[in-house]
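J.: Take this structure first; my questions come after.
4 protein chains.
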Amino acid sequence: MKVFEQLESDIRGYCRLYPTVFKSASNARQVDEAGKSYIDFFAGAGVLNFGHNNLLMKKAIIEFIEADGVAHSLDTYTTAKRDFLEAFHKTILQPRGMNHKMQFMGPTGTNAVETALKLARKVTGRRTVVAFTHGFHGMTLGALAATTNSYFRNAAGVPLEHVRHEPFGCNKPCQGCTLGCGVGAVDRLRSLYADSSSGLEPPAAFLVEPIQAEGGVNVASKEWLLAIQTLAHDLGALLIFDDIQAGCGRTGQYFSFDGMGLDPDIVTLAKGIGGFGTPLAMNLVKPEHDKHWSPGEHTGTFRGQGLSFVAGKVGLSYFDNDDLMNDVKRKGAQMQEHLEGLVETFGSGRFQVRGKGMMQALDLGDGALAKQVAANCFERGLLLGACGTGGKVIKMIPPLTIPDADLSEGLSLFTAALQDALEAA
Amino acid sequence: MKVFEQLESDIRGYCRLYPTVFKSASNARQVDEAGKSYIDFFAGAGVLNFGHNNLLMKKAIIEFIEADGVAHSLDTYTTAKRDFLEAFHKTILQPRGMNHKMQFMGPTGTNAVETALKLARKVTGRRTVVAFTHGFHGMTLGALAATTNSYFRNAAGVPLEHVRHEPFGCNKPCQGCTLGCGVGAVDRLRSLYADSSSGLEPPAAFLVEPIQAEGGVNVASKEWLLAIQTLAHDLGALLIFDDIQAGCGRTGQYFSFDGMGLDPDIVTLAKGIGGFGTPLAMNLVKPEHDKHWSPGEHTGTFRGQGLSFVAGKVGLSYFDNDDLMNDVKRKGAQMQEHLEGLVETFGSGRFQVRGKGMMQALDLGDGALAKQVAANCFERGLLLGACGTGGKVIKMIPPLTIPDADLSEGLSLFTAALQDALEAA
Amino acid sequence: MKVFEQLESDIRGYCRLYPTVFKSASNARQVDEAGKSYIDFFAGAGVLNFGHNNLLMKKAIIEFIEADGVAHSLDTYTTAKRDFLEAFHKTILQPRGMNHKMQFMGPTGTNAVETALKLARKVTGRRTVVAFTHGFHGMTLGALAATTNSYFRNAAGVPLEHVRHEPFGCNKPCQGCTLGCGVGAVDRLRSLYADSSSGLEPPAAFLVEPIQAEGGVNVASKEWLLAIQTLAHDLGALLIFDDIQAGCGRTGQYFSFDGMGLDPDIVTLAKGIGGFGTPLAMNLVKPEHDKHWSPGEHTGTFRGQGLSFVAGKVGLSYFDNDDLMNDVKRKGAQMQEHLEGLVETFGSGRFQVRGKGMMQALDLGDGALAKQVAANCFERGLLLGACGTGGKVIKMIPPLTIPDADLSEGLSLFTAALQDALEAA
Amino acid sequence: MKVFEQLESDIRGYCRLYPTVFKSASNARQVDEAGKSYIDFFAGAGVLNFGHNNLLMKKAIIEFIEADGVAHSLDTYTTAKRDFLEAFHKTILQPRGMNHKMQFMGPTGTNAVETALKLARKVTGRRTVVAFTHGFHGMTLGALAATTNSYFRNAAGVPLEHVRHEPFGCNKPCQGCTLGCGVGAVDRLRSLYADSSSGLEPPAAFLVEPIQAEGGVNVASKEWLLAIQTLAHDLGALLIFDDIQAGCGRTGQYFSFDGMGLDPDIVTLAKGIGGFGTPLAMNLVKPEHDKHWSPGEHTGTFRGQGLSFVAGKVGLSYFDNDDLMNDVKRKGAQMQEHLEGLVETFGSGRFQVRGKGMMQALDLGDGALAKQVAANCFERGLLLGACGTGGKVIKMIPPLTIPDADLSEGLSLFTAALQDALEAA
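Protein chains in written order, with the working numbering: chain A, 740 to 1164; chain B, 740 to 1164; chain C, 740 to 1164; chain D, 740 to 1164.
In structure tokens form, the structure reads like this:
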């Protein structure tokens, strides 16, 4: 590990939580160079929905490379990209009646968000975007302005402008929360926009994570999302869903917002969409907005990632039938029950379980405790991380393909790690 | 191609220049699905320095995947990353006496630039960055503020602030240029900064491409770069070199600024560093600046790209001896001579050759003509693109590993394409 | 009037409401050049608290001029300024236990607000100011950013930044108001500031009009003002009261916020403070904040207005005893009763009376109606104006010294004008 | 003086240079309460062109007050304002063939500048304004962004945006100046604007002081002004002349830019225009731009200043014939000769004389020396101030009406004060 300390930037972070050197990984297991195996409840921050080194993807990628497939293509046409587009259209868009265009940009979530905001501003001729408390949208200046965590914001070095933050509408408010979220907050916001002397300018867009992952696994209520959607439409603003961490099947359905009658103008996707862990980002954009783009107006070198298209297409094949999604619902329920049991045992009225599908979280209400729990987990062979304000929420996002045995063992390890931390406290 | 028109965003650009569907690629050749083979003088916008599907890289990547190497690791420690760090340190940094730390971020050039600017602002407590006319640094808002092309800037939708643009110091000014660049411009700028009533605020950084690729292949003079470096140091500002397109061996040496006595505080790298076309970006940061980072203060999901580390390490092995760089110098000279011959034949006093190593360009002074030439090239089986203000400059950046035969054939195709265009005009 | 149309800018406004040329004015009467006399319920937008050409002031000014007093002195010391400072200290500050320093700047309200914001940012090292819906603070860019009316904001030509607007806490909410103001809104805002992931940055100041005049004569509740004050203190932000229109005795006490246990860090004053209609602006600044200024750091040519000091001192003499303030309370009650009577007669549940002391308003809920009423008033010989969103509120701010007969006659004229407008509608 | 120290803000500035309490003033003399008489070479920062308590103005103002003239009228029509408009039109505009509309705003220079910038942005739909090194335009945020002195800028507390500063084109460059001003700088700027990849956005306006007063009495060359005018027109930008300190006869002609074939779109006036020292500000706006204003879109309480209209009209009467302007030329020449003599005697190659008409300055190249000289002057009974970067320039702007004896005596006092300071150094 000395090599990293000597040569790599001090900014490195997760390695401080997991102080070992990983050598290999397979499905929900990572192995360090000392041979210790870890169960992975983190999945590369939600990228590896189909597990590390998914066998089908490995095979497809190796075949592609051996056949000299076009690995890097900017935004020229390639067969790999066409296959991906067709699969996504057939598997995801068509069944939902979505006619969104697919746009590729620099293959990171923050690029996707920047691109979406840029288009919303272009379409509406307005500047201000409404984003929400506890939201996380990326680190480049345009996306960082929408991100809320002051630790990240304070590093910007310049004022972060053109975004107004409003309370997020959780379906299950935290204990003692007085932020005033919910549909009432949307009504108040509507009144402000209706008043030409409120000081608020008509917004270009509402940027919403239907489930805030980094922000503490806060699940928006259907009512609130619908109210925001109606307000956006009434104001002539675009509705942008950032489904970068919660999308791609994580919640037991492809989009985290499926089944609520929602109709976003733009959906930003990244993380899980490339399947294998190689980068990819893609926005879904309604054609009536997409046509406002001029060719090449927003570019990026790594827009055409052959390996990600190939593995991503394999990932889409998991949605050809309901098997995986049913599995996710079943395992998600198991995770939730387990956590609810822990609340009853250890922290009734103190801890809180939140989540949907296989993104489940235990809000410990205490960042120091959560940090200790995560460290204990690592010692015991379980990888997971904390999120939310002050890092007080333990988030569990194992690969959707995690074997039942690993899932159960991981939950047991967590119980023990929590117990240790509570006893030591 | 209909699939793309129906499903993909209207923003797609290069595909309009190359209206075909590519299926495979090898070294300096791309083949479309109709079986037509193209010589590649574009190399994925400068990413594929070692050719499409470089054989050594293919082998290394496939072995890595088969061994279940960690493909995606955020910023945890992995053996693949350690190997890359050590190789970069040994091959590139140590021989140059550079003690810069290596920082990974979202794996695109724009993320690298945003990260560098963020740090410069943090270190200095200042906001304003000096960037240069014709510079290109990326599309996210922080980097876009430094980018100059109004086509990109106008799409921002918000004011682009905190950057002051000054004339770039070419070593070979364009015909009739009256921008007032050169060392004299640096002296004038120094005087402005020396005057507390100039209206200019002390800058956080000078952001410079030693060779502006997208901006028209403008090569900075050594004198100008040294003058900027001295000014930056005198003002307590950081010197940031954006070597994203011109670095990684493109100019016949690893960094485009090697051998001039330059000592940048930060170097941004991306494109060619991952070797195979899978994304990677990395900043080199002097330790005295790097220590201003707090852990995880600037994050990004795709910071730990196993495949890029593996292929990138193979790429670094090309710098173990001088063979490739000597080759680049030889081929670059051939390209330059060929272009100079064209100037003599067709456009003395009208066209201009600019470049270094295997980034060579012919400034045709006319965007419509350049567009026609590029289209003719495509027809004849040669891929290349235009750059510079109004797209008036033909840029040639073939893989460094292009076979001599392909290089010669490509240059001949270009001659014919130019001749056709001039005759038609 | 042709002269004006030919020579003066099209931006002229009030003259369109009062299409005549005024020649002289005395106390609450203005006379046009045709000899028609008007009762003045507008008092120069709240400047002429002591009437046009107040006899005591006339005398004092003429004596001063005849004695070659220093009419214009920048911020050098003059006897006239000393007299004013001493009088203000003795009459206003000392009895209230206020140890605020007096600061002069460019003699307009907007300059006063800009100066206050500048200091609050300097003291706290923060940027963002919280201002309130329906607030009016001036037209220069710093103050305009806090002003809410979109008609004014849209003319800025640049983004108006660094201000966050929140609902104002009326003591008597408008019919059907759903802005969500009141103490509950302050609690919600407190929660947002308490959460380091809310996206809100700690504010430099809360900028509040205890009574919003231009915004529609909205009177803040004591509870809300106290809650804002507590929040400001808890956040380390400054509490700035903009008492430019409601101060100087207008409400039956010198400050509009007297008697509520409030303790603002800065109070901005202008309009009425110079007494005679010659410009003056002054901020009251707590010494612990004032010491953050360096000499001459914020300047302005017309800071030292001899005539305004002289007349302003006369104005202060009206506060040596309670006679005027008792009169204001009595007349204000008469105005309010009259308006309440009109509500009962013409618009129960439709119109609303709001105000304090001799700033009384009738909210007609309809800008077109209010415009017609004001036009009818002018025809009948009564000058008054509309305010509030869309100009739907008739505001009455006669000179505090208006004779009882003029006040009664003015109210009668108003009744008739309203009746006419309602009948015509 | 204790009263001021106890009660007035620490920001007070000029009083530190002139530590006494002034009681009366007449023409070019100020008398303190101890009876000491001072010759005034400062004229209230250029306001009192016609002397303190100008007899004709005193008479007119007193008559106006006694007749109950309308002292304060917002932007309603009054007879006093009409008289002023007609006089300005007849005396100033008509003889020059100017058809500019007259616009009144908050009566300070900074309000005038803010208003001009607002209109230029409105007319062009652009944001960025080009202003010039050493320029001074006011203290409110919009004008401060154009002001260059870092002492003022650093107090802003927010970033000052939307202005690009370029070198000012002096007719007589300072010793050793390397700012690169002059027509060459305009050519370079033109080239930058002509290049769509320069990073510069088309400007809304060029904001120029034909003579920079606060900036160090820098007189623009005719060639440079014409080049800027041509560039502005070619770019579709407005040309705004800030003639606030140098206008109103100061230079021996009404406008400082008279007689050069210049045709500004907007001229900002304040300071001297109200004549007596009571505030007034006025913009002259070409009708084709003025028509972009909507009624009342930019307001301000103190727009209609009766006393300033009355005195200002008296001031205009001085331009009915050439007597005063001939006098100004004669006295200005005397001042200049005197200063040139001092340069020869004391500082050839070290000091520099600059100025036009009765704005003359001695650049001592040393702020500490200039401060000592000004202090010595005060001791000897002469009031003047320093300007320019670091306060190194002594500026002399006596009332235009100063008696010859006072002028000569003042110049002698200055010689002695300079000699003392040089001997002490």
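Here a beta-carbon is modelled for each residue, glycine too, at the ideal position from N, C-alpha and C.
Give the interface partners of D:LYS840 over in chain C, defined as CB-CB distance under 8 Å, in chain order.
T.: What D:LYS840 touches in chain C: LEU746, GLU747, SER748 and ASP749.
J.: Confirm, please, whether the CB-CB distance from C:GLN1091 to C:ASP1105 is below 8 Å.
T.: The answer is no: Cβ separation not under 8 Å.
J.: Give the secondary structure of D:LEU1023 by DSSP, where H, G and I count as helix, E and B as strand, and everything else as coil.
T.: In the structure shown, D:LEU1023 sits in a strand (DSSP, three-state: E or B).
J.: Please name the residue or residues paired with D:MET1135 in a DSSP beta bridge.
T.: BP columns for D:MET1135 point to D:GLN1099.
J.: How about B:LEU1019 and B:PHE996: do their beta carbons lie closer than 8 Å?
T.: Result no, Cβ atoms of B:LEU1019 and B:PHE996 do not sit closer than 8 Å.
J.: Measure the alpha-carbon distance for A:ASP1029 versus C:ALA884 and round it to whole angstroms.
T.: Taking the straight line from one Cα to the other gives about 33 Å.
J.: Counting only Cβ pairs nearer than 8 Å, list the residues of chain B close to D:THR887.
T.: Under the 8 Å cutoff, chain B gives SER936, SER937 and GLY938.
J.: Name the chain C residues whose beta carbon is nearer than 9 Å to that of A:SER763?
T.: Those within 9 Å of A:SER763 in chain C number zero; the least Cβ separation is about 35 Å.
J.: Would you please state the rounded distance, in angstroms, between the beta carbons of B:GLU747 and A:LEU824? I believe it to be under 8 Å.
T.: Indeed they touch by this definition, with Cβ atoms about 6 Å apart.
J.: Give the residues of chain A in contact with C:ARG866, contact being defined as C-beta atoms less than 7 Å apart.
T.: Residues of chain A passing the Cβ test: PRO898.
J.: Counting Cβ pairs, one atom from each stretch, are 3 or more of them under 8 Å apart for the stretch 1022 to 1039 of chain B and the stretch 831 to 846 of chain B?
T.: With the cut-off at 8 Å, the stretch 1022 to 1039 of chain B and the stretch 831 to 846 of chain B touch.
J.: Can you pull the chain A residues whose beta carbon is under 8 Å from the beta carbon of B:GLU853, in chain order?
T.: Result: MET878, THR879 and LEU880.
J.: Buried or exposed, going by whether 16 or more other CB atoms sit within 10 Å of the CB of A:ASN1065?
T.: With fewer than 16 other Cβ atoms within 10 Å, it is exposed.
J.: Which of the three DSSP states, helix, strand or coil, is assigned to B:CYS909?
T.: In the structure shown, B:CYS909 sits in a strand (DSSP, three-state: E or B).
J.: Residues bridged to C:TYR1165 by DSSP?
T.: This structure leaves residue 1165 of chain C out entirely; chain C is present only between 740 and 1164.
J.: Can you pull the chain A neighbours of B:ARG755, defined as C-beta to C-beta under 7 Å?
T.: Simply PRO1034.
J.: Please confirm if B:ARG989 has its CB atom under 8 Å from at least one CB of chain D.
T.: So, not an interface residue.
J.: If we cut at 8 Å on Cβ distances, does A:ASN792 have a partner in chain B?
T.: Chain B contact via Cβ: present.
J.: Which value, in whole angstroms, describes the spacing of the CA atoms of D:GLU1036 and C:PHE891?
T.: Their backbone Cα atoms lie some 6 Å apart in a straight line.
J.: Using CA atoms only, rank isn't needed, just tell me which of A:ALA870, A:ASP822 and A:GLY919 is closest to A:ALA799.
T.: Checking every option, the nearest Cα to that of A:ALA799 belongs to A:ASP822.
J.: Looking only at its own chain, which residues have a Cβ that is under 7 Å from the Cβ of C:GLN1075, when we skip the five neighbours before and after it?
T.: Contacts found: VAL1092, GLY1094 and GLN1099.
J.: I'd like to check one pair, B:LEU939 with D:HIS901: are the Cβ atoms closer than 8 Å?
T.: Going by C-beta atoms, D:HIS901 is not nearer than 8 Å to B:LEU939.
J.: At what residue ranges does the stretch 985 to 1038 of chain A contain a whole run of the beta strand (DSSP E), taking only runs of 3 or more?
T.: List check, beta strand (DSSP E) in window: 1005 to 1008 and 1021 to 1024.
J.: Can you tell me the Cβ-Cβ gap for A:GLY991 and A:GLY1045, rounded? I've got them flagged as a contact below 8 Å.
T.: About 30 Å; that fails the 8 Å criterion.
J.: If you draw a straight line from the C-alpha of A:ALA806 to the C-alpha of B:SER763, how long is it?
T.: Cα to Cα, A:ALA806 sits roughly 7 Å from B:SER763.
J.: Using the beta-carbon of each residue, which ones in chain A are nearer than 7 Å to B:ALA806?
T.: Those are SER763, listed as they occur along chain A.
J.: Could you pull the DSSP bridge partners for C:LEU946 from this structure?
T.: Partner(s): C:ILE979.
J.: So, does the CB of D:LEU1046 fall closer than 8 Å to a CB anywhere in chain C?
T.: Yes, D:LEU1046 counts as interfacial toward chain C.
J.: Does C:ALA895 get closer than 8 Å to chain D when you measure Cβ to Cβ?
T.: Yes - at least one Cβ of chain D is within 8 Å of the one on C:ALA895.
J.: Is DSSP giving A:ASN850 helix, strand or coil here?
T.: Three-state DSSP puts A:ASN850 in a helix.
J.: Quick one: what's A:TYR753 bridged to in DSSP?
T.: A:TYR753 is not bridged to any residue.
J.: Tell me which residues share the same chain as A:SER776 and place their Cβ nearer than 8 Å to its Cβ, disregarding the 5 neighbours each side in the sequence.
T.: Hits under 8 Å: ARG768, GLN769, VAL770 and GLY1120.
J.: Could you list which residues in chain A have their beta carbon closer than 8 Å to that of B:ILE801, in chain order?
T.: Going along chain A in sequence order, the residues near B:ILE801 (Cβ under 8 Å) are ILE801, ILE804 and GLU805.
J.: If we count the other Cβ atoms within 10 Å of its Cβ and call it buried at 16 or more, is B:GLN984 buried or exposed?
T.: B:GLN984 comes out buried.
J.: Is the beta carbon of C:PHE907 sitting closer than 8 Å to the one on C:PHE945?
T.: No.
J.: Where does C:VAL958 fall in DSSP's three states?
T.: Strand, per DSSP.
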